[in-house]
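Step one of this worksheet: look at the structure below.
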Amino acid sequence: MNEKNKRSLKNDQTSKIKPSRNFCSPKNIFLSIIVLLISLVISQKFSKFEPYTYSLPSPPKFEGPLAVNNILDNSELLLKDQILGPESLLIEGDTIYTGTEDGTIVKIVNGKIVKTIVLSNDKKCKSKEDRLKNGKLCGRPLGVRRLNKEELITADGFRGIVKINIEKETSEIVLPQGTIIEGKALTFADDLDVIDENTIVFSDATTKWDSENMMYDFLENAPHGRAIWFNIKTNETKILVDELFFANGVQIFPDKKSILIAETTMAKVTRYYLEGPKKGQRENFIENLPGVPDNIRLNSNGNFYIPLPAIRDPVKFDLREFLGPFPWVRRLMMQLIPISIMEKASISKYGLVVEVDQNGKILNSFHATNGDIYMITQASDDENYIYLGGYKAKFIARVQKPR
Numbered sequence: 001m002n003e004k005n006k007r008s009l010k011n012d013q014t015s016k017i018k019p020s021r022n023f024c025s026p027k028n029i030f031l032s033i034i035v036l037l038i039s040l041v042i043s044q045k046f047s048k049f050e051p052y053t054y055s056l057p058s059p060p061k062f063e064g065p066l067a068v069n070n071i072l073d074n075s076e077l078l079l080k081d082q083i084l085g086p087e088s089l090l091i092e093g094d095t096i097y098t099g100t101e102d103g104t105i106v107k108i109v110n111g112k113i114v115k116t117i118v119l120s121n122d123k124k125c126k127s128k129e130d131r132l133k134n135g136k137l138c139g140r141p142l143g144v145r146r147l148n149k150e151e152l153i154t155a156d157g158f159r160g161i162v163k164i165n166i167e168k169e170t171s172e173i174v175l176p177q178g179t180i181i182e183g184k185a186l187t188f189a190d191d192l193d194v195i196d197e198n199t200i201v202f203s204d205a206t207t208k209w210d211s212e213n214m215m216y217d218f219l220e221n222a223p224h225g226r227a228i229w230f231n232i233k234t235n236e237t238k239i240l241v242d243e244l245f246f247a248n249g250v251q252i253f254p255d256k257k258s259i260l261i262a263e264t265t266m267a268k269v270t271r272y273y274l275e276g277p278k279k280g281q282r283e284n285f286i287e288n289l290p291g292v293p294d295n296i297r298l299n300s301n302g303n304f305y306i307p308l309p310a311i312r313d314p315v316k317f318d319l320r321e322f323l324g325p326f327p328w329v330r331r332l333m334m335q336l337i338p339i340s341i342m343e344k345a346s347i348s349k350y351g352l353v354v355e356v357d358q359n360g361k362i363l364n365s366f367h368a369t370n371g372d373i374y375m376i377t378q379a380s381d382d383e384n385y386i387y388l389g390g391y392k393a394k395f396i397a398r399v400q401k402p403r
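Now the structure itself:
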């Protein structure tokens, strides 16, 4: 081949080579940064995720006071599709107060919303859609109680402990999330009860994961929770009980000498003594519940309602409990399965509330079997009805009390 033909062949081959993409374009640089940041966030969560080795006894059979019934299937659904996530209920005659997923406290009279108090006045919290999008800024009220004649108080999963004046339609953060309490930040205020108008006891569900990432705590199942005493007037705080497994519902005994704290991920309730010969001691109040407990409430009979938003079916296989002794498997799952899928898999479409006496004995159970009412996070009553709240419910359920 002569020199002329060689040059011609080379030019022909060169013309077939496509020009390379510009990997240094602003768009590609931006996308690379986004991918890098996402990778860093994910790797941080994986490195932070330290699953605990645990085991639970086999759940109790649904027999005796736990025998299956359909009492809750007969519930009336109040405010259906008009309310979102009424996690906790305060019943006062014909009035109900509750906190919602979109950062409000609502007053309901005779089944109708008559007042809505938006907890944050930030400009990003004006509309319902904005509040749902900006939960950390706008708040998520969970446990709700009456503090005094004029005010309610709520444990806000994103913002801390908040007072609300319903008539003036005002709110005030009295203990912000992030406040350092004995060396650790308040991370996830969950439920509370009132000792007097200046003093409350509340649960900090976990000092490691915030409300947005609670599923990580469920899967990790380590004792990061605590119960805290707080004086609103002096701003003093004191840890009463620590090393709790997802500290959740809080209920003071009628004599105010002890408190109950739900340890959700261990399916039990712990009792802590504030006064008396056992002052400062903790003990198991009830263990091996047929589900994981949430907001505990005293009922009109002097017993306690304990809602179980996820049941422990005595017949069906429970993957989470099976994996308790295998933390390395849970760590691997975290890296392979999106957290959103695990959240959906954890939902059981079965409603269950147990009534327990002051000695921790199960007296009755109330079941919802048809899949309409589930993930019940609180049960409260008046003379005629039991009212049910749910963390993700779009209604408040009400059922006549069995005679």
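In terms of the UniProt record's numbering, the sequence shown is residues 1 to 403.
Beta carbons are placed, not taken as given, at the ideal position from N, Cα and C, and that holds for glycine.
In DSSP terms, what A267 is bridged to: Answer is none; A267 lacks a bridge partner.
In chain order, each alpha helix (DSSP H) run of at least 4 residues that lies wholly inside the UniProt domain "Strictosidine synthase conserved region" (190-276): 214-220
For L40, name the three-state secondary structure that DSSP assigns. Caution applies to L40, whose pLDDT of 49 falls short of 50 and renders its modelled position unreliable; the value that the coordinates give is listed next. In this structure, L40 counts as helix in the three-state DSSP scheme.
DSSP has S365 in a bridge; who is on the other side? V354
At which residue ranges does the segment 264-336 contain complete beta strand (DSSP E) runs of 3 or more residues, listed in the order of the chain? 268-273, 282-286 and 304-307
Give me, in chain order, the residues of the same chain whose beta-carbon lies closer than 8 Å to that of K279; leave out the 5 immediate sequence neighbours on both sides. Y273
For L78, collect the residues of the same chain with a Cβ closer than 7 Å to its Cβ; drop the 5 residues on either side in sequence, then sort them by chain order. G111, F395, I396 and R398
D156 - partner residues in DSSP beta bridges: P141 and G160
Closest Cα partner of L260 within the set M266, I252 and A267: I252
Between the alpha carbons of G158 and N364, how many angstroms are there, rounded? A quick correction: the sequence has Phe, not Gly, at residue 158. Near 34 Å, if we compare the C-alpha coordinates of N364 and F158.
Measuring CB to CB, does Q378 end up less than 8 Å from D294? yes
Identify the continuous beta strand (DSSP E) that holds A393 and give its terminal residues. A393 -> no beta strand (DSSP E), and no H or E assigned at all.
Alpha carbon to alpha carbon, how far is T88 from G390? The question names Thr, yet the displayed sequence has Ser at residue 88. Their backbone Cα atoms lie some 7 Å apart in a straight line.
Since I232 contacts I181 with CB under 8 Å, what's their CB separation in whole angstroms? At roughly 14 Å, the Cβ-Cβ gap does not stay under 8 Å, so I232 and I181 are not in contact.
Residues in the same chain with beta-carbon distance under 6 Å from N134, minus the five sequence neighbours each way, listed in chain order, please. K124
Whole-angstrom distance between D73 and L192, CA atom to CA atom: 29 Å
Could you tell me which of E129, K257 and G371 sits nearest to I195, measuring between CA atoms? K257
6 Å CB neighbourhood of W229 in its chain, flanking five on each side removed: V201, K238 and L240
Counting only the same chain and skipping the five closest in sequence on each side, list residues whose C-beta sits under 8 Å from that of Y385. R398, V399, Q400 and K401
Residues in its own chain within less than 7 Å of I311 by CB, not counting five upstream and five downstream? P290, G291, S348, Y350 and L352
Local Cβ density within 10 Å of S127, reported as buried at 16 or more and exposed below that: exposed
Would you check if the distance between the CB atom of R140 and the CB atom of E101 is smaller than 8 Å? yes
Given a threshold of 16 other Cβ atoms within 10 Å of its Cβ, counted over all protein chains shown, does L308 qualify as buried or as exposed? buried
For A345, report the span of its alpha helix (DSSP H) as first-last. I339 to A345
Give the secondary structure of G64 by DSSP, where H, G and I count as helix, E and B as strand, and everything else as coil. helix
Ends of the beta strand (DSSP E) at L77? E76 to L78
May I ask you to report which of helix, strand or coil DSSP gives K184? strand
Might you give, ordered along the chain, the residues of its own chain that have their beta carbon closer than 6 Å to the beta carbon of N69, omitting 5 neighbours on each side? H367
Taking 8 Å as the threshold (C-beta atoms), are G249 and A262 in contact? yes
Please state whether DSSP places G111 in a helix, a strand or coil. coil
Please report the distance separating the alpha-carbon of E63 from that of I362. 11 Å
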